[in-house]
Every structure is written in C-alpha cells, then in structure tokens.
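Protein chains: 2
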Amino acid sequence: MRPTVHDIAEKAGVSLATVDRVLNRRKGVRAETVLRVEQVIASLGYQRDLAAANLAKSRVYPLVFVVPEGENSFMRGLEMAVHEARRRSSVERTDIRLLTVPPFDEGALAYALDGLNIEGLAGVALVATESPAVRRSVARLADAGVPIVTLVSDLPSARRRHYVGIDNVAAGRTAASLLGRFLSHRPGKVAVLAGSMLVRDHVERRLGFDQVMRAEFTDLEVLPVIEGRDEAETAERLVGEMLDRERDVVGIYSLGAGNRGLISALKARGLNGKIEVVAHELTDHARQALADGVFAAVINQDAGHEVRSAIRVMKALADGVDLVDGQERIRIDIFLRDNLP
Amino acid sequence: MRPTVHDIAEKAGVSLATVDRVLNRRKGVRAETVLRVEQVIASLGYQRDLAAANLAKSRVYPLVFVVPEGENSFMRGLEMAVHEARRRSSVERTDIRLLTVPPFDEGALAYALDGLNIEGLAGVALVATESPAVRRSVARLADAGVPIVTLVSDLPSARRRHYVGIDNVAAGRTAASLLGRFLSHRPGKVAVLAGSMLVRDHVERRLGFDQVMRAEFTDLEVLPVIEGRDEAETAERLVGEMLDRERDVVGIYSLGAGNRGLISALKARGLNGKIEVVAHELTDHARQALADGVFAAVINQDAGHEVRSAIRVMKALADGVDLVDGQERIRIDIFLRDNLP
DNA sequence: CTGAAAGCGCTTACAG
DNA sequence: CTGAAAGCGCTTACAG
C-alpha cells in the first residue's frame, strides 16, 4: 500500500496538521521537527495523492488564454478549443478565461497581460508576439509566480516556462522538402506567403524553408516573402500582383493564414492545380483546397491538442509536478488528400 | 456550486446511503424512493465527482495488454510504452499486466485471452489477429462485461468497444500518394513488402495503397505483395530475390516491419537512395534510413499515445463516462528527414 | 428497505 | 510551535 499522511504522522510522532505543514512547506514548525518529518517522508517514499488534496482544498485552477482576434481561421479554431475545454471545467477543476487582442499588435497584447488580476492565477497561455513590451509583461507575471505558457508562437529567452506548439523551423523544412520533391526536376520560381515577419512562428517557418531550398533544390528560385497580414483580401491582392508580375511560378508556400485569398487569386487566373501549393493549418478552406487538388499538402498543428496540453502543463507547473513529456509534444501533422480526418 | 450527494439526500429526504444506492443502481430500494431520488438528481443536474468516488472506493483499474512477441521493433516500442504506463500506475490508479503471445498465431492469442482471470478486470487491450477463435475469445470477455479495446490492428464487427490505432486504409493511400508524387513521371515497378496478409492492418494498408496507385499513378506497376513475416532475415531474402528478378523497380512500400532486412537488401545491391522507399513505423532503423536518404518517408503511429489512449478509453468504458473524442484519434504521422522529432 | 457512522487521503480553521 | 476535530464528495459495512 502507498503510504499516507497517517503513516508519516505515526512514524514521526506528530499530528496530521504538522505533517501537512511540512509537506506544504508552511512555516511555524520547529526546524528539528521539520527535519524529522522530512526524513520519515523520504524513508517511506511518500507521494502525495493530488486528487485527494484537491478534494480537501476544493482546489480550482484559474487559467487565462490570450488569443489574437480577427478573421484568422486557425485562431478561431483555437478559440473553439478553449471553449471546449471550458465545458470540461467542472471535471478538470479549471476556471478558464479567454481574452482576445488585436493581431500583430504588441502594445495591445502587453496591455492585456498587464491588466490581468494576478491574484491566485494558476497560469496564462498566450499566442506571443515578439516585442520588448510583451517580454516585460511576461516577466512581470513570471515574477509574480504565475506559470506562463506560450502557444503556437514562442517567445524563447523570455520568462515563459513552456512552449506548446510545433517546431516551426522543422515545419518550414518539411514544407520545402515536400514542395521540392513534388516539383522534382521542374525548375522555376517559388513564392512564399506569410502573415507578418513580426511573429516568430512565421519567421521560423521561412527560415527552415529557405534552409532546405538553398541546400537541396537549387533549380528553384525562392521569391521575396509576401506579407498578407493573415487577411484573405490582402493575401489575394498581393498574391495576384505577384502572379501577374512573375513568370514561371511553379510552387507556393503559404506559411501563415489568409488561404482563402490565396485560393481565389489562383482560381481567378486558372492556376489552381497547376502550381504546387503547400499551406499551413487544416481549416475548412484548406481542407476543401486539398480535396480539390488546389493544395498538394497542408501542414497542421492540432488546436485541440494544444489547448489540452497547455492546460495540463499549466496545472502541472502550478502544482510543481512532472509532465509526461511525450504527451506534450505537439506534432507537425502533414495532410494530403488521402489522410484527411 | 456543483451539487453533491448531500444536496440530493436533503432534497429527497433520504440518507446518503440511499442516494448512493440509487446513483449506483444497486438494488434494495423501494421503487418509489428510487423515482423520487432520481427526480431530484435530474432536477439538480447532479454529476458525480469521479475522483472523490475513486478515493472512497480505493478504486484500482486492473488492465491487461496483449502484444505479439518477437523481433518486431514497433511491438517492442509498444511494450516499452506499456511499461512507462505502469510507472504511472499509482497516480492513475491502474494495475497493468502485460502479456506477450507469438505473432501471427491465432491459436496462441485466443488461448491467452481465454486464460485471463476475468474477475474485476476493467479492460483488455489487444493487438488483434483475424480469426474465428480470436473472435470467440473476445466475445466471451465482452459477455462477461469486460471492455475490450483493439490496438494497432482492429477486429471490427467483433465485440470490441473501441479501436485505438490509425486508419490503415488512409495510411496506405497516403503512402501511395507520396510515392507516386515523389516518382512523378518516372515509370517503373513498385514493390510492396508486408508482414502477413493475416493481420488486418497490413491488409488495409495494401488496399489503400492499391486504390490510389490504380486510380492516379497508372504508369507505375505494382508487383505482388511480398510477405516477410515482419522478420528482418525473411524480408532481406525475399526483397533481395525480388530485386534480382525484376527490372525497373523504382519504388518500394514497406507496410509492415522487417525494415532492417529491407535496408540490407537495398544496400547490398547499391540501390539505397536510388529506389524511393516509403515505410511504416519510426523505429531506430527507420530513423537512420530517413537520415541517410534510404527512406523517403516514414508513416508512423505513436505507441506512447496509443497506450495512453487505450488506458483512458478502458477506464472510461469501465466507468461509463464520456471520452474527449479528439484526444483519442490516433494520427497518421508522416516523417521526412526534415521533421524527425 | 433504510439510515447513522466511519472512512478514503488530504487540508483547514481553531484552540492551546 | 503543535494538535484534535471537522470537512472535501463519495462509499461501505453494519444495524435495524
């Protein structure tokens, strides 16, 4: 049988209250008593039963998710996943708040973070934008002891405790590898459509893409990045201009959102299916484009998995317990027409 | 606040013991009392706190995993994942037993299932082999009320309650799609290496592969399936004979195990990197082959995820509670050299 | 057929 | 600085 607080109390010759004080590092216990109890704890190999502790405490984990607002379908999917998670709140003992902030707006994100009531917060998960202001806000929360988790786009070096998302450099490399192989021996130009070079996930995908293109597919010329702000209309206009301007575009890597605009631009010129396209995020539009042969492949990250993982991670950080690492690794999902779920 | 058994007891004017009897459908309660209590339960929207119930019951879930023995690296990885899960037993309240049986041996699998002590069993997860004997054994367990989960290879129509694994037809289609595109406009023959046409996962992968090959890549000729019994030596010999016999083999789909033998056969003939290979399961050998350019792509299912999912599913079935569907969908992972984890 | 009381493993006022 | 007792939400003998 697993040892309990009763076993510790008996063996150490103290009361349950004292055992609890030592277990939870609360003050007001004589140093030598602490020592004695700790020795018993170690000798018994005691491990707290978290479920029982949470029952006794009526523990609830107040969590906050901060997600960019706007038309980006992936972000809306992320929002849906947060709402799903809220429905499980009573079972999971969570109390989840969802905040949306204007996209690509460092100030707005920092402001939202600064406005959080830190009191009792068990964790904050945010889709990060790179900026000193955001870093400062994250540092402030971290100083207050709130576990911070970055979601989808990381903010390394910052005081975040964990990143929940795919390896974006690897994703970019994978996109290049697929595109290059699909285009085997078909020289020409490859365009890159991004949202903004201000968010780290986009920057990293582009980096990985360029690495592999330069190293392995030298007969393909990569054009300068187009920044469509993850908006369908902007993407449509800019991609359209590019297609009208350039000859010999054989491939496109769409590493951000705005795929609806990209698809329109291709169709308007009868180029759907003629140009190999690798895109990100399996939204409804992307799914349709795969089925129609407009997209050759879609690289995806599972928003549901990400939200569940973020919640598990924040709770574990708040409780100081271990994670099952493999369970928290977010996969680079690759979808072709043939493995659509 | 969420209503508790105390609220029910008070509102229904009965004791906690009676509430518990009704909640757990135990007999020995007057019909009208049952009715009254049930009405109160419904009116309060009561939901049992499973953690508290398990604490009170000192509930433990006895689970059994049945996995084929032998050299198949993927199965050994599955076994490792089960051992990992055992390490979490005290936290997850599980008591996990691992049984190994000879591979591709219907009789041995049925015998192992029949030998199980059903008493109190919360679930059985098995890598299924297709056969009437296995179906009978599964039915017997199901009749005894034991939740059965198939793992990796399904046994549809049988009395299993859930399948934990990838969609193998889709996996086969995906393999064909990748291979066909990588070989674009390079006509020739494609070989298929399987373990055995007795296990459903292999049959289904082949089916999906053929579907796409016939429909989309008509300049590729698919050779008859080679059955290597998932053994490296057998695979090496049979693939070697095939390579020596056939001209113009441009691609190979390895849909089972025995990849070590396949790699040796290719290398012995200096064909590594010359023939496009799509294989299954990211074992150490497959990983190395990807890195070396011997394999173009590897389709994988995450053994850790499968074992964790099987455990969650069996516990949920035993308790009669709902699952988070998205969490239990096993992905078809596609690995290229560029997204190796 | 029904209920009072104790208990699962932990925490929390409160009293001393 | 320490402990006795009650309580978290549920279940389980035991008695009637």
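In order, the protein sequence lines correspond to chains D and G.
If you count the first sequence from 1, position 268 lands on 268 in UniProt numbering, and the numbers rise without skipping.
If you count the second sequence from 1, position 326 lands on 326 in UniProt numbering, and the numbers rise without skipping.
For glycine and all other residues, C-beta sits at the position ideal for the given N, C-alpha and C.
1) When the Cα of residue 389(G) is compared with those of V60(G), D338(G) and S73(G), which residue comes out closest?
2) So for V321(D), helix, strand or coil by DSSP?
3) Measuring straight from C-alpha to C-alpha, what distance separates A142(G) and I148(G)?
4) Which value, in whole angstroms, describes the spacing of the CA atoms of R329(D) and V250(D)?
5) Inspect the beta-carbon positions of L223(G) and E246(G) and report whether they are closer than 8 Å.
6) Starting from the Cα of G45(D), find the closest Cα among D7(D), H185(D) and Y253(D) and give me that residue.
7) Under a CB-based cut-off of 8 Å, is T218(G) close to chain D?
8) Assuming the contact rule is C-beta atoms closer than 8 Å, E106(G) and S131(G) should be a hit. Round their C-beta distance to whole Å, please.
9) Taking the continuous alpha helix (DSSP H) assigned at Y111(D), which residues delimit it?
10) Taking CB distances under 8 Å as the criterion, tell me whether L282(G) reaches chain D.
11) Would you kindly work out how many angstroms separate the C-alpha atoms of L16(G) and H280(G), rounded to a whole number?
12) For E216(D), tell me which candidate among H185(D), R260(D) and E79(D) has the shortest Cα-Cα distance.
13) Taking DSSP as the reference, what is the three-state secondary structure of R214(D)?
14) Could you have a look at I332(D) and say whether DSSP puts it in helix, strand or coil?
15) Who pairs with N272(G) in a beta bridge, going by DSSP?
16) List the residues of chain D that G326(G) touches, going by C-beta distances under 7 Å, in chain order.
17) Quick check on this structure: which residue in T129(G), H162(G), A108(G) and A170(G) has the alpha carbon closest to the alpha carbon of S153(G)?
18) Looking at M213(G) and the ligand GDP, is the gap between the Cβ and the nearest heavy atom below 7 Å?
19) Just checking my contact of H202(G) with G256(G) at CB under 8 Å: how many whole Å lie between their CB atoms?
20) Count the CB pairs spanning the stretch 295-306 of chain D and the stretch 330-338 of chain D that are closer than 8 Å, and state whether there are at least three.
21) Closest Cβ-Cβ distance between P341(D) and chain G: below 8 Å?
22) Using a Cβ-Cβ cut-off of less than 9 Å, give me the residues of the stretch 19-52 of chain D that come near chain G, in sequence order.
23) Just verifying my parser: in three-state terms, what is the DSSP assignment at S90(D)?
24) The alpha helix (DSSP H) spanning F182(G) covers which residue range?
25) Between which residues of its own chain and A318(D) is the CB-CB distance below 8 Å, once the five residues before and five after are set aside?
26) Is the beta carbon of A112(D) closer than 8 Å to that of V66(D)?
27) Please classify S43(G): does DSSP put it in a helix, a strand, or coil?
28) Taking only the alpha-carbon atoms, compute the straight-line gap between S58(G) and T18(G) and give it to the nearest angstrom.
29) With a threshold of 6 Å on Cβ separation, who are the neighbours of T94(D) within its own chain once the five nearest residues in sequence on each side are excluded?
30) Going along chain G, which residues have a C-beta under 9 Å from V212(D)?
31) Tell me which residues share the same chain as V212(D) and place their Cβ nearer than 6 Å to its Cβ, disregarding the 5 neighbours each side in the sequence.
32) Would you list the one or two residues that DSSP bridges to E227(G)?
With the structure as the only source:
1) Residue 389(G) falls outside the range modelled here, since chain G spans only 1 to 341, and no answer is possible.
2) Here the question's residue 321(D) lines up with position 321 in the first sequence. Coil at V321(D), not helix or strand.
3) As a working mapping, residue 142(G) is identified with position 142 in the second sequence. As a working mapping, residue 148(G) is identified with position 148 in the second sequence. Computed Cα separation, rounded: 7 Å.
4) If you number the first sequence from 1, residue 329(D) lands on position 329. If you number the first sequence from 1, residue 250(D) lands on position 250. Straight-line Cα distance between these residues: approximately 34 Å.
5) Locating residue 223(G) in the second sequence gives position 223, counting from the first residue. Locating residue 246(G) in the second sequence gives position 246, counting from the first residue. Yes, Cβ-Cβ distance for L223(G) and E246(G) is below 8 Å.
6) In the first sequence, residue 45(D) corresponds to position 45, counting from 1. Checking every option, the nearest Cα to that of G45(D) belongs to D7(D).
7) The residue labelled residue 218(G) in the question sits at position 218 within the second sequence. Not one chain D Cβ lies under 8 Å of T218(G).
8) For this step, residue 106(G) is matched to residue 106 along the second sequence. For this step, residue 131(G) is matched to residue 131 along the second sequence. Indeed, because the Cβ distance is near 3 Å, the residues count as touching under 8 Å.
9) Counting from one through the first sequence, the residue named residue 111(D) turns up at place 111. Annotation: the continuous alpha helix (DSSP H) that includes Y111(D) extends over E106 to D114.
10) Position 282 of the second sequence, counting from 1, holds the residue named residue 282(G). No, L282(G) lies away from the interface with chain D (no Cβ there is under 8 Å from its Cβ).
11) On the second sequence, residue 16(G) is found 16 positions in, with the first residue counted as 1. On the second sequence, residue 280(G) is found 280 positions in, with the first residue counted as 1. Taking the straight line joining both Cα atoms gives about 55 Å.
12) For this step, residue 216(D) is matched to residue 216 along the first sequence. Minimum Cα distance to E216(D) is reached at H185(D).
13) Counting from 1 along the first sequence, the entry for residue 214(D) is found at position 214. Note: R214(D) maps to helix in three-state DSSP.
14) Counted from its first residue, the first sequence places residue 332(D) at position 332. I332(D) sits in coil when the DSSP states are folded into three classes, being neither helix nor strand.
15) Position 272 of the second sequence holds residue 272(G). In the DSSP output, where bridge partners are listed per residue, N272(G) has I275(G).
16) Taking the second sequence and counting its residues from 1, one reaches residue 326(G) at position 326. Listed by position along chain D, the residues whose Cβ is nearer than 7 Å to that of G326(G) are G304.
17) Taking the second sequence and counting its residues from 1, the one referred to as residue 153(G) is at position 153. Comparing C-alpha distances from S153(G) to each of T129(G), H162(G), A108(G) and A170(G) shows the shortest one belongs to T129(G).
18) In terms of ligand content, the structure shown is empty, and the ligand GDP therefore cannot be addressed.
19) What you label residue 202(G) is simply residue 202 of the second sequence in a count that begins at 1. What you label residue 256(G) is simply residue 256 of the second sequence in a count that begins at 1. The C-beta distance from H202(G) to G256(G) rounds to 5 Å, short enough to fall under 8 Å.
20) Yes, they touch.
21) Sequence index remark: in the first sequence, residue 341(D) carries index 341 (1-based). Interface residue, yes.
22) Flagged, chain order: Q47, D49, L50, A51 and A52.
23) For the purposes of this step, residue 90(D) is taken as residue 90 along the first sequence, with counting starting at 1. Three-state result, S90(D): helix.
24) Position 182 of the second sequence, counted from the start, is the residue given in the question as residue 182(G). Residues N168 to F182.
25) Taking the first residue of the first sequence as 1, we reach residue 318(D) at position 318. If we look at A318(D) and ignore the five residues flanking it on each side, its Cβ neighbours are Y61, A122, G123 and P147.
26) Locating residue 66(D) in the first sequence gives position 66, where the first residue counts as 1. Locating residue 112(D) in the first sequence gives position 112, where the first residue counts as 1. In this structure, A112(D) lies closer than 8 Å to V66(D) by Cβ.
27) By one-based count along the second sequence, residue 43(G) stands at place 43. Of the three classes helix, strand and coil, the one that applies to S43(G) here is helix, per DSSP.
28) Position 58 of the second sequence holds residue 58(G). Position 18 of the second sequence holds residue 18(G). The C-alpha of S58(G) lies about 20 Å from the C-alpha of T18(G).
29) As a first step, residue 94(D) is located in the first sequence; it is residue number 94 there, counting from the start. In chain order, Y61 and L63 place their CB closer than 6 Å to the CB of T94(D), counting only its own chain and leaving out the 5 sequence neighbours on each side.
30) Within the first sequence, the letter at position 212 stands for residue 212(D). Using a Cβ-Cβ cut-off of 9 Å, V212(D) is close to D338 of chain G, given in chain order.
31) Along the first sequence, one-based indexing puts residue 212(D) at 212. Here the set comprises R173, A176 and S177.
32) Locating residue 227(G) in the second sequence gives position 227, where the first residue counts as 1. Looking at the DSSP assignment, E227(G) forms a beta bridge with A194(G).
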